[in-house]
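In the working numbering, the protein residues as written are 2 to 339. Here the structure is laid out as structure tokens; the discussion comes afterwards.
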């Protein structure tokens, strides 16, 4: 009866039938097809009710998904919103549905493009062809499309070199939300190439404090920072920008051991800046006493004695040499193992 009502001449009857189906979590195939047809109804209220009914279903067929992708391209905002909401609830998409969404990224209407990329943002494992479409979307003229594209890329477990390069480019976007989303996407990658790390260091001086925070977080989250990156970070400690110094210190706190190992190859001015802005924070109010004991670097902090585990004999030798250099530069107290 309801299927027949969806074909009635009176739009009120058609709308009431679609409304009645909106309370169902599952529907037979014939009813689904009728609702799909109702998405094209001339009356926008009927289309809205049909989209609402489809949104509430727990499982959607391939034909329903394709119809919803088509509904993303309708002029009515309510229909687009309900269609996007239904699609965003899906954990995975078939290749054909993904291709349909990628096609929507080329739509002339920026709202349609934004809706399509918002749907893709909810997917955690996308094929290379879809990722390339998202990379292209980073060049969209609409900032919301670019922001969502960066977010979608950030959901992926691994990113190609070209994708990383595109995200680095997005760090220079004129819109702060786009730049922050690009930095957030990079933050979720634990091993980034040197060029990307250098770009993130540059973002530590972004005019938007949220971008600066995201860039610092991305650098902190790296499993290891190469010495060249550490040298750049330590060099930034010599700048007069206190906010930059603070964010660099936040990064170095996560990479203390490698920072110590990098000191022998620093200039005396860089060593002094590192000691005064970073190492001294580990010490008491006026000094940062360190010593080697049992193949560990030990140092005093305001909370008490601390130890840095895991140093081999070679590392210990480097640390001793390192802090001899610091002592020569800024004269911090250094106590060798007794």
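Cβ coordinates follow ideal geometry from the N, Cα and C atoms, glycine included. None of the values given here were measured: they were computed from a predicted structure.
Are residue i and residue j closer than 8 Å when you measure CB to CB?
i	j	result
residue 340	residue 81	No answer is possible for residue 340: it lies beyond the span of the chain, which begins at 2 and ends at 339.
residue 143	residue 114	yes
residue 120	residue 89	yes
residue 147	residue 167	no
residue 103	residue 65	no
residue 61	residue 87	yes
residue 47	residue 12	yes
residue 221	residue 246	no
residue 51	residue 28	no
residue 57	residue 26	yes
Straight-line CA distance for residue i to residue j?
i	j	result
residue 3	residue 105	32 Å
residue 279	residue 133	41 Å
residue 49	residue 91	20 Å
residue 53	residue 84	8 Å
residue 72	residue 5	22 Å
residue 40	residue 215	41 Å
residue 75	residue 185	32 Å
residue 191	residue 32	48 Å
residue 23	residue 137	37 Å
residue 129	residue 218	27 Å
residue 55	residue 7	14 Å
residue 59	residue 10	30 Å
residue 175	residue 38	43 Å
residue 98	residue 187	27 Å
residue 21	residue 145	35 Å
residue 205	residue 250	12 Å
residue 197	residue 169	6 Å
residue 305	residue 232	Unreliable positioning characterises residue 305 in this predicted model, as indicated by a pLDDT of 49, which lies under 50. The coordinate reading is nonetheless provided below. Whole-angstrom Cα-Cα distance: 29 Å.
residue 189	residue 42	44 Å
residue 63	residue 262	57 Å
residue 224	residue 257	12 Å
residue 1	residue 70	Only positions 2 to 339 of the chain appear in the structure, and residue 1 is not among them; the question remains open.
residue 333	residue 182	Residue confidence for residue 333 is low, a pLDDT of 44 falling below 50, so the modelled location carries little weight; the figure read from the coordinates is stated next. For residue 333 and residue 182, the distance between alpha carbons rounds to 41 Å.
residue 135	residue 107	11 Å
residue 101	residue 79	20 Å
residue 110	residue 195	38 Å
residue 240	residue 152	32 Å
residue 260	residue 77	56 Å
residue 227	residue 30	58 Å
residue 209	residue 139	19 Å
residue 93	residue 34	22 Å
residue 248	residue 173	19 Å
residue 243	residue 277	13 Å
Since residue i contacts residue j with CB under 8 Å, what's their CB separation in whole angstroms?
i	j	result
residue 199	residue 230	7 Å
residue 150	residue 118	5 Å
residue 234	residue 252	6 Å
residue 193	residue 165	7 Å
residue 237	residue 202	7 Å
residue 162	residue 212	No, residue 162 and residue 212 are not in contact; Cβ-Cβ is about 23 Å, not under 8 Å.
In or out: residue i buried (at least 16 other Cβ within 10 Å) or exposed?
i	result
residue 269	exposed
residue 126	exposed
residue 266	exposed
residue 122	buried
residue 264	buried
residue 116	buried
residue 141	buried
residue 207	buried
residue 124	buried
Is residue i near the ligand COA, going by C-beta to nearest heavy atom under 7 Å?
i	result
residue 48	With respect to the ligand COA, the structure offers nothing, as it holds no ligand at all.
Does any residue of chain C bring its CB to less than 8 Å from the CB of residue i?
i	result
residue 64	No chain C appears in the structure shown, which is made up of a single protein chain.
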